[in-house]
Every structure is written in structure tokens, then in C-alpha cells.
Amino acid sequence: MTEATALPPAVIDSPAAWIGEDLSKNTERWLKHLAAEEIAELERAAEVFLASSKSIDSLTAQDFPLPRLGARLAGLQETLINGIGFEVLRGFPVANHSQEKAGIIFCGIGAHLGKARSQNAMGHILGHVRDIDTDPNDPDTRIYQTSQRQTFHTDSADVVGLLCLREAMEGGKSLLVSTITIYNEMRRQRPDLVALLFEPIATDRRGEIPEGEKPFFEIPVLNWHEGFLTGLYQRQYIDSAQRFPEAMRLSDAHIEALDLFDALANDPRLYLAMQLQPGDMQFVYNHALMHDRTGFRDWPEPKDRRHLLRLWVSVAGDRPLPESFKQRYGSIEIGDRGGIMTKDTKLNVPLG
């Protein structure tokens, strides 16, 4: 095995190597409540920004001053990068605000965490997670635009944030699992299989292809770089990349390794499940954790249907990423990396 694919230690000890069963009994470690003064600060900052007529796609932390909450968001950033890797802020009265104002507030919080990134080929800085009746079996469909169960995966940015506007009638739970914990378990059970996950593997771009790139990228599921284990994973997109004749074929051993990785991710002892309530803001560190969502049944009326706003953020002071991530992230420059950019992509913020 070459140095580029050398395995980490047999056990990685990290605050992000948690067991979901444990965290479900200790919600105070990750569920934080906004104080009335912090909510008022967010509302004032949004009103000032709206009155300024500035463009939201260039919003910075300076445009959205949060003297009190800003200190807490600095702590949240530390939790994401060096702690357990996620946090939920609860208590924002989203029902009291228009979708536009809620979107501005969420983008303002994101600006304090880092730099917003494009989430698709259309350049959306603010994403809308909802079922738009697309065919989940279409290989170009993004799964978050359906009501189907997702699979555990990472997004193409340092941090993903969700603001829940409305819940589904039934289902739609958020699931999180530690990539480091899965590695530790796989290394203990099947070191021969976990080694295969440090080799490049083809992952489908689902039609969102940067100029000069292949319709898939080839980045290992697990990457050991400068003392950090970093995951990048979407099983559905790995499977659909096999539609390209030039993509590396999955061997039986690779499939066995991916199946074990999925089985561990879906172990109820290892993952943490939560139901996001309207107003909840969840932030997740993609490099150390994976996220998922259970399938859901929605309300009959369009105005009532499940809807979350999403941010992808590049964070200053973050870990280094290996060179191979340039295929997906465009740049691996800390604080200015990630997102999906094609030749025709122009950044914009769809608030509706």
C-alpha cells in the first residue's frame, strides 16, 4: 500500500467519533435553545439588511451584525470543526416571519460561519429542500427533491445547514452518523474491506458537470490526510456512476465494502435520529459526519408541505483536504472551497 492510501491508526479517538445511542440520551450536548435577546438580534439585523437594499448573494457577517449571538456562532463553528460535528439551534419563531425574511436571517447566520457555496448548477446559495415530484429513479435526479428515503451521504461543502420551515405530515426524520465511528468499526471487523474505501471510486455528478471534467469524479470514500479522516460519500451516486463505460468497475470486494459501510451507518446503535421542528436550525460538518433523511408523507395542500432551507458553507480555519477533492470542490483553499459550479453557473439566492 502506498503512502497516499496508507490507513489511519486502528482506532481514531475524536470528539466526532460518537455513538448515536449515547447522544440520544444526552441532548444537551447538541440541542441548544436561542434566548429571546438572540432572536430579537436576528430580527433587527434582518430588518436593517432589508432596508439597506443590498444584494443577499453578497451578504457578509459585517452586513449582518450579531454582537451577542455572534459569540455563540463562533462556538458553534468550533463544535463543527473540532467537536462532535453538529448542533441544532431551537426556538426561532419562523411562523412569525415571511419566507423571505427567514431566508435572510438564515443566510446571515451562515455568513458568520463562513462563505456560502453554490448547491447546484443553477448557482443557488439558498437551497429549498422539498418534494417537487421528480422521478427518484431518474439518474439525474437530486434525491433531496423527492419524498423518498435518502441514504447516508455527505454534501459537497465543509458544512451543511438546514432551517426547518414546515414539517411533513408523517416521517422526514433527520439522521446523523459519525464517519469516524464507522471507520473504527470497519477497521475492527474487516480491515481488508475498509482498506478498499481509501482507493478512488467513481461517483456520479448527476448531470452537473464542471467545464473540462468527467460526468463523474473519482475520490475515495475515506481519505487520511494530514492527520484527519475525511469522508465523501453518496452510495446512490456511486451506483449510478456505473452507467458510464469509462468509470471504474465496482469489484465484488468493493461492493462488499460499501455494503458493510452502509450497514454500519444504518445501525440504530450508531446513528442519531431527530425530528426537526419548525424554526430548528441544524448544522452538520460533512467531513466527519454523514446525514440522511427518512421518507415522508406530505400534507395534501401545497402551502402546508414539508419545506426546509439549506446552506452550504466553506469555513475559515478548517482542516486541509487532499488534492483529489479539487475534482468536486473546485478549489481546496480553506475558507473558499466546495459547491457545484459549471460553465454557466451564476450565484443567486432564490428566496421563494
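The working numbering applies: residue 1 is where the sequence shown begins, and numbers increase by one.
All C-beta atoms in this analysis are idealised placements derived from N, C-alpha and C, irrespective of residue type, glycine included.
What you are looking at is a predicted structure, and each value in this text was computed from that prediction instead of being measured.
Euclidean distance between Cα positions of ARG166 and ALA10: 43 Å
Between the CA atoms of VAL349 and ALA36 - distance to the nearest angstrom: Each residue's Cα considered, the two are about 28 Å apart.
Burial state of ILE238, where buried means 16 or more other Cβ atoms lie within 10 Å: buried
MET248, enclosing alpha helix (DSSP H) - first and last residue: No alpha helix (DSSP H) holds MET248; DSSP gives it neither H nor E.
Among MET341, ARG29, SER98 and MET248, the one whose alpha carbon lies nearest that of PRO47: Residue identity check: residue 47 is Glu in the sequence provided, not Pro. Comparing Cα positions, the closest option is SER98.
Runs of alpha helix (DSSP H) wholly within the segment 204–260 (minimum 4 residues, chain order): 235–240
Within 9 Å, strictly: CB atoms of ASN286 and ALA157: yes
Cα-Cα separation between GLN327 and GLU28, rounded to whole angstroms: Between GLN327 and GLU28, the C-alpha separation is close to 38 Å.
One or two residues paired with LEU308 in a DSSP bridge: Residue pairing by DSSP puts LEU308 in a beta bridge opposite VAL129 and CYS164.
DSSP state of LEU66 mapped onto helix, strand, coil: LEU66 falls in the coil class under three-state DSSP.
8 Å contact criterion, which LEU89 and MET281 should meet: CB distance rounded: 4 Å
Same chain only: Cβ atoms within 6 Å of GLY85, ignoring 5 sequence neighbours per side: ALA16, TYR285, ALA288 and LEU289
When GLN189, PHE92, SER24 and GLN234 are compared against ASP204, the one with the closest alpha-carbon: GLN234
Segments assigned beta strand (DSSP E), at least 3 residues, entirely inside the segment 6–71: 31–33
Top-ranked residue by Cα proximity to ILE201, from HIS307, SER324, ARG310 and TYR271: SER324
Beta-ladder partner(s) of TYR285, from DSSP: VAL159
C-alpha gap between GLY227 and ASP318, whole angstroms: Computed Cα separation, rounded: 13 Å.
Buried versus exposed call for ILE180 [16 or more other C-beta atoms within 10 Å across all chains shown]: buried
Three-state secondary structure (DSSP) of ARG319: coil
The segment 117–130 / the segment 62–70 touching (three or more Cβ pairs under 8 Å): no
Under the three-state DSSP convention, the category ASP135 falls into: Unreliable placement is indicated for ASP135, whose pLDDT of 49 sits below 50; no coordinate value is reported for it.
PHE152 at chain D interface by Cβ criterion, 9 Å: Here chain D cannot be found, since the structure has a single protein chain.
Per-residue burial, GLU21 [other beta carbons within 10 Å of its own, 16 or more giving buried]: exposed
Beta bridge counterpart(s) of ASN184 as assigned by DSSP: According to DSSP, which records beta bridges pairwise, ASN184 is partnered with nothing at all.
Simplified DSSP state of ALA121, which is helix, strand or coil: coil
Given 8 Å, three or more beta-carbon pairs between the segment 188–201 and the segment 258–273: yes
Reduced DSSP category for GLU333 - H, G, I as helix; E, B as strand; rest coil: coil
Exposure label - GLN77; buried when at least 16 CB within 10 Å: buried
Rounded Cβ spacing between VAL313 and GLY110 (contact assumed at less than 8 Å): 5 Å
For GLY108 and ALA45, believed in contact at Cβ under 8 Å, the rounded distance: 6 Å
First and last residue of the uninterrupted beta strand (DSSP E) at GLU87: 86–90
Cβ pair LEU197, LEU258 closer than 9 Å: Result yes, Cβ atoms of LEU197 and LEU258 sit closer than 9 Å.
Through-space distance from ALA74 to SER240, alpha-carbon basis: 39 Å
C-alpha gap between LEU347 and SER24, whole angstroms: Taking the straight line from one Cα to the other gives about 38 Å.
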